[in-house]
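Here's the structure, in structure tokens; my notes come after.
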Amino acid sequence: MHGGQIIQSLSGFYDVKTDNKIYRTRARGNFRKQKISPLVGDWVEFESQAENEGYILKIDERRNQLVRPPLANIDQAVVVTACVQPDFSTNLLDRQLVTLEEKQIKPIIYFTKGDLVDEKQQPAFEEKVAGYRKIGYEVYLDWQAFDDEAIKKLESDFANQLTIFMGQTGAGKSTLLNHIDPNLALQTGEVSTALNRGKHTTRKVALFPVGNGLVADTPGFSSYTVFEMQLEDLKGLFPEIANIGLNCRFRECLHINEPNCAVKKAVQDGEIMQSRYDNYVQFFNTIKAQKPDYQRKGYTKKRGK
């Protein structure tokens, strides 16, 4: 019996790294019966059946996990966000941040393609960056493409951490990783002009040793459609809303229609970004309208449950 961490998933095979070796493994059939899939980042126990092969027998308890991208036991996430090409969306960024907050994963926001922003538009982006920094997020924005000083500072954050790179396709995740470590030689692709979305260029999920830690580049995605959190939990996933919400008249205030709401007053006073509050309200209404799990496609509710 051996123990290690899954560092790559590809076509049903899982590469597991032990202290001094990498094994190519497959999951036992009982995982399929239990509808459990091993994820990159999982700590597992496996049985070796050849020099470099084996079968996964047990998956240790996960600290957290994501479905898109499919990873487990993540410490922090670099949310790569393009200023342009594809167009910047506060809605998409806040969806990503809410997802990370819910999973207790530290977000780091990295804006790319700042060199393509018109000088007249730069103050608006700087205002947005200041707003996210005020919340407490670490944010990178440079008007020079992949500034060396910023790259070195970002790499220093990787030590002893499992870091994922996520963001809209075409935002520059693979290109950013190539600047951090050229040896990775990750494939990059151009943005599809017709769709204003990037072509999917990353075809596997894998962890790479970088900056005394592990980083992941993952298949790109263009949208989030389903929120996993409960309606009443959403307000706690916006740090500034959670903090200022303590001053609301009603303890259970949801900051929508309630009177004497400190959050709505903070929005009016400019203490909370209008875009953040607007996105909070939209997410609130989206969650409220979502079907329960048992009504979603592919889920059959068992009788008596």
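In the UniProt record's numbering, the protein residues as written are 1 to 305.
Glycine is no exception: its CB is placed at the ideal position from the N, C-alpha and C atoms.
If you're wondering where the values come from, they're calculated on a predicted model, not measured in any experiment.
Quiz item: How would you call T163, buried or exposed, if buried means at least 16 neighbouring beta carbons within 10 angstroms?
Solution: The residue you call residue 163 lines up with position 163 of the sequence shown. Classification of T163: buried, given that the 10 Å Cβ count is 16 or more.
Self-check item: Within 8 Å, strictly: CB atoms of V205 and P69
Solution: Taking the sequence shown and counting its residues from 1, the one referred to as residue 205 is at position 205. Taking the sequence shown and counting its residues from 1, the one referred to as residue 69 is at position 69. The answer is yes: Cβ separation under 8 Å.
Exercise. Closer than 6 Å by C-beta to L97: which residues in its own chain qualify, once you throw out the five before and the five after it? Chain order, please.
Key: Mapped onto the sequence shown, residue 97 falls at position 97. Cβ within range, chain order: P107.
Practice problem: Report yes or no: do three or more beta-carbon pairs, one from the segment 32-44 and one from the segment 56-64, lie closer than 8 Å? | Solution: yes
Practice problem: Could you tell me the distance, in whole angstroms, from the CA atom of I180 to the CA atom of D147? | Solution: Numbered from its first residue, the sequence shown carries residue 180 at position 180. Numbered from its first residue, the sequence shown carries residue 147 at position 147. Each residue's alpha carbon lies about 11 Å from the other.
Quiz prompt | Spatial neighbours of residue 340 in its chain, beta-carbon cut-off 7 Å, leaving aside the 5 residues before and after | solution = Because residue 340 is not part of the residues shown, which for the chain are 1 to 305, the question remains open.
Exercise. Going by DSSP, name the residue or residues bridged to T81.
Key: One-based indexing of the sequence shown puts residue 81 at position 81. For T81, which the question treats as bridged, DSSP gives the partners F111.
Quiz item: Which residues bound the beta strand (DSSP E) around A27?
Solution: In the sequence shown, the residue the question calls residue 27 occupies position 27. Counting along the chain, the beta strand (DSSP E) containing A27 begins and ends at 22-27.
Self-check item: N- and C-terminal bounds of the alpha helix (DSSP H) containing V281
Solution: Looking up residue 281 in the sequence shown gives position 281. Where V281 is concerned, the enclosing alpha helix (DSSP H) stretches over 274-289.
Exercise. State the DSSP-derived secondary structure class of S11, mapped to helix, strand or coil.
Key: Sequence index remark: in the sequence shown, residue 11 carries index 11 (1-based). Note: S11 maps to coil in three-state DSSP.
Quiz item: Just checking my contact of S48 with Y14 at CB under 8 Å: how many whole Å lie between their CB atoms?
Solution: As a working mapping, residue 48 is identified with position 48 in the sequence shown. As a working mapping, residue 14 is identified with position 14 in the sequence shown. About 13 Å; that fails the 8 Å criterion.
Practice problem: State the start and end residues of the unbroken alpha helix (DSSP H) segment that holds A124. | Solution: As a first step, residue 124 must be located in the sequence shown, where it is residue number 124. Per DSSP, A124 belongs to the alpha helix (DSSP H) from 122-135.
Practice problem: Return the first residue and the last residue of the alpha helix (DSSP H) that S156 is part of. | Solution: Counting from one through the sequence shown, the residue named residue 156 turns up at place 156. Here the alpha helix (DSSP H) through S156 covers 148-156.
Quiz item: Exposed or buried, what is R276 when buried is set at 16 or more other beta-carbons lying within 10 Å of its beta-carbon?
Solution: One-based indexing of the sequence shown puts residue 276 at position 276. Flag for R276 reads buried.
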